[in-house]
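For the sequence shown, our numbering assigns the number -18 to the initial residue and increments by one for each residue that follows.
Note that the Cβ used here is the ideal one computed from N, Cα and C, for glycine as well.
Below is one structure; the comments refer to it alone.
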Amino acid sequence: MMCRLKTVGDNEEDIAPNFTLPDVRNGQPVSSAAFRQKKPMGLLLVQDVEAADRAVQYASEWFSHFCEAHAVLAVVVRRPVTVDYPEPLLVLMDSNGSVFEQYECPLDTAVCVYGLDRFGAVVYLASCGAEDLPAVLPRLLDAIELSEMQCPECGV
């Protein structure tokens, strides 16, 4: 579940929970905690198994933009995907839905989109269909880049 923490002054932020899931490509565990305090993260939680391939395709198209922004882009799916995607793109398997539950994704939502700053604070949140990702991914990246510009500790 999301956690609310006081950060600066009276500001409160939602902090995303850490998770560890196997990589679809090689089965190796990947932990979101490995990126904390290093890189911001764009996270696509694709609950609709029919939308998984399309979501991975759109993420593949935007992957280089996230790399240029020194951000991680990860897609969490419920079943293996059948499309090819760039080697470094993280496509992670959550077959039992634990991450979807932790991130409080509604069951009737195809894709939950999260932007997390390098400390795990939620800087962007959207729910959409896979067909909406071409419009959502630029906004996600903008929110992540803005959070990095506002972070004096990051040296950006």
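| query | result |
| --- | --- |
| Phe47 versus Lys20 - alpha carbon distance | 10 angstroms |
| For Cys(-16), the three-state DSSP class (helix, strand or coil) | Reliability fails at Cys(-16), whose pLDDT of 46 lies under 50, so the model's placement of it is uncertain and no value is given. |
| Leu88, DSSP secondary structure in three states | coil |
| Residue of Asn7, Leu127 and Ala36 minimising C-alpha distance to Leu54 | Ala36 |
| For Thr90 and Pro119, the rounded distance between their alpha carbons | 20 angstroms |
| Ordered list of alpha helix (DSSP H) runs contained in the segment 13 to 87, each at least 4 residues | 33 to 49 and 79 to 83 |
| Range of the contiguous alpha helix (DSSP H) that encloses Ala124 | Leu114 to Met130 |
| Cβ-based neighbour list, Glu126, same chain, cut-off 6 angstroms, excluding 5 preceding and 5 following | Ala50 |
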